[in-house]
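Quick notes on the structure that follows.
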Amino acid sequence: MGPVTTAPASLEVSGLAFAYPDGHQALFGVDFTVARGERVALLGPNGAGKTTLVLHLNGILSGGAGTVTVAGLPVGRKHMAEIRQRVGIVFQDPDDQLFMPTVREDVAFGPAAAGLKGVELERRVRTALERVGMADFADRPPHHLSFGQRRRVAVATVLAMEPEILVLDEPSSNLDPASRRELADVLRSLDVTVLMVTHDLPYALELCPRALILSDGVIAADGPTGELLGDDALMRAHRLELPFGFDPRSVTMGA
Amino acid sequence: MGAGHAHRLYRHGHSPVHALPPHTKLAAAFAFVVVVVSTPREATWAFALYAALLAAVAAAARVPAGFVLRRLLIEVPFVAFAVLMPFVAEGERVDVLGLSLSVDGLWGAWNVLAKGTLGVAASVLLAATTELRELLLGLQRLRLPPLLVQIASFMIRYGDVITDEMRRMRIARESRGFEARGLRHWGVLAKSAGALFIRSYERGERVHLAMVSRGYAGSMPVIDEVTASRAQWSYALALPCAALVVCLLGWVL
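Going down the list, the sequences are from chains A and B.
Counting from -15, one number per residue, gives the positions in the first sequence under our numbering.
Counting from 113, one number per residue, gives the positions in the second sequence under our numbering.
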């Protein structure tokens, strides 16, 4: 998918640097752009600063140098509500994300906080749950669902806000192969911009044509996912390892 | 609502009592308890009438008597001390089966027992006909401070998650050969409890993060508006109103 030049990029990060209050510096000047409709994987070893970066995208963390712009809108105190509606973050543990007593109410939480009510709210909830194939579970409490189902509901809670960009933190973690594939099908069927933070490299290759490598707080590489994964020296330098027996060059990608 | 997830106090059904909006039922149960408590204890017949009123509600809700009676057992530890009152109270005494009992104490015990039982029975009926989730909506509707309602709803949502965490910690302890046997092992248990607290606290922080990410700014958005018609209110309030009549009679006679 080529970048669309007419619309502003979904996400623009430039010169982003951040140090935690205890002095630990996590980001040292991060620059990248994600065009509208792209699916991009953000790869990196543990401790590379991936989560820190994600928390900057909707303004939970701020105060360092650099800027983040979402669809032309700078992330900052002034537009916080708007930004949080545009950037949908799906956190790693669905139990953290799903905090309401029923699935329906959880999915309704975001849009309702934005002031939506009644029929329009119902419609949003139903559409979001249908997009992840969970419409039949609307009245169930989240803790009675399987882990894979919970992860899909977590995606729906964010989709209900009709975000500009969907940010997924380790979407495939703890999923069995079937749930993994179901989630991949869901993600492929969505027409939103996706930034997927992961160290599940085959999953990144399957879903994202483009990948970024974040290592030691900077973007160390940016290119087609297949090429990056095929570059042994690059991979080794950033502690990224492919699963045993997996050769990215032998994978033929579908359309 | 959904299948197979209801709290065990709840009894699934489609009776007219089940169908009443939760806040009317809450208000009715609360008013009923207040009326019962303010009845003079000497009006023993009044308490029998209250029990009959509750039995009528149970019949309307199609909750079997056995179900209510079994759940009434919960009050046993609370009323146990009522049994002691006739023995320890001061004042005029009376002989029953060779035991010397205080008249005042007997009245006191009766008072606690009767009012306690009626109050618990009313709560059991409320819980049996109203889902937890609905109770929260009802409390919200009755203008309980939103923070309290939020805390209660998080308790319901995360109770299971934390119990599960506790269970995993216990399994991890036992897998490494630990068994809590005596006083010496309390230290380990205390540390586990501490670790559980910290884990829960950290989860709380992550949940808050997820809420803020979806636009939470201090108050829960209202998702389900519960409303009650005048007819539903009068239907629900029939119970406390009938009880009030009995109570007034109790004071007059």
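Each residue gets a CB set at the ideal place from its N, CA and C atoms; glycine is no exception.
So, does the CB of residue i fall closer than 8 Å to a CB anywhere in chain B?
i, result
"A:S157", "no"
"A:A92", "yes"
"A:S(-6)", "no"
"A:F2", "no"
"A:M180", "no"
"A:E89", "yes"
"A:I197", "no"
"A:P5", "no"
Taking all protein chains shown into account, do 16 or more other C-beta atoms lie within 10 angstroms of the C-beta of residue i, making it buried, or fewer, making it exposed?
i, result
"A:F230", "exposed"
"B:I310", "exposed"
"A:L191", "buried"
"B:Y162", "buried"
"A:P161", "exposed"
"B:G327", "buried"
"A:R124", "buried"
"A:F93", "buried"
"A:F16", "buried"
"B:S235", "buried"
"B:I335", "buried"
"A:R88", "buried"
Return the CA-CA distance between residue i and residue j, expressed in angstroms with no decimal places.
i, j, result
"A:K34", "A:L198", "7 Å"
"B:A170", "B:A354", "15 Å"
"B:M267", "B:E317", "15 Å"
"B:W363", "B:R153", "10 Å"
"B:Y122", "A:I67", "42 Å"
"B:V385", "A:R61", "Residue 385 of chain B falls outside the range modelled here, since chain B spans only 113 to 365, and no answer is possible."
"B:L365", "B:A164", "19 Å"
"B:Q344", "B:A141", "14 Å"
"A:A97", "B:M332", "7 Å"
"B:M281", "B:R205", "56 Å"
"B:G217", "B:V129", "38 Å"
"B:T275", "B:E202", "46 Å"
"A:M64", "A:S(-6)", "16 Å"
"A:T111", "A:L179", "22 Å"
"B:R293", "B:A233", "39 Å"
"B:W157", "B:A192", "23 Å"
"A:A217", "A:P29", "15 Å"
"B:T339", "A:T86", "20 Å"
On a CA-only basis, which of the options is nearest residue i? Give me that one, please.
i, options, result
"A:D200", "A:R107, A:L82 and A:L224", "A:L224"
"A:H40", "A:P29, A:E146 and A:A3", "A:A3"
"A:L27", "A:S46, A:V103, A:T236 and A:L213", "A:L213"
"A:G117", "A:R20, A:L105, A:G132 and A:A65", "A:G132"
"A:L22", "A:V151, A:P227 and A:M219", "Sequence check: residue 22 of chain A is Glu here, not Leu. The residue with the shortest Cα to Cα distance from A:E22 is A:V151."
"B:V324", "A:F12, A:V14, A:G43 and A:S(-2)", "A:G43"
"A:G7", "A:G13, A:P(-8) and A:G48", "A:G48"
Hey, does residue i have any beta-carbon neighbour from chain A nearer than 8 Å?
i, result
"B:Y372", "Any question about residue 372 of chain B goes unanswered here, given that chain B covers just 113 to 365."
"B:A170", "no"
"B:G327", "yes"
"B:V147", "no"
Legend entry - At least three beta-carbon pairs within less than 8 Å, the region 49 to 65 of chain A to the region 133 to 146 of chain A: Here the region 49 to 65 of chain A does not lie against the region 133 to 146 of chain A, with fewer than 3 beta-carbon pairs under 8 Å apart.
Inset, instruction - Please confirm if the region 257 to 276 of chain B is in contact with the region 144 to 152 of chain B, defined as three or more CB-CB distances below 8 Å between the two stretches. - result: Contact between the region 257 to 276 of chain B and the region 144 to 152 of chain B is absent, because fewer than three Cβ pairs lie under 8 Å.
Inset, instruction - Taking 8 Å as the threshold, find out whether the region 64 to 84 of chain A comes into contact with the region 295 to 308 of chain B through three or more Cβ pairs. - result: No, the region 64 to 84 of chain A is not in contact with the region 295 to 308 of chain B.
Legend entry - contact_flag[the region 200 to 216 of chain A, the region -2 to 17 of chain A] where n(CB pairs < 8 Å) is 3 or more: They touch, by the three-pair rule.
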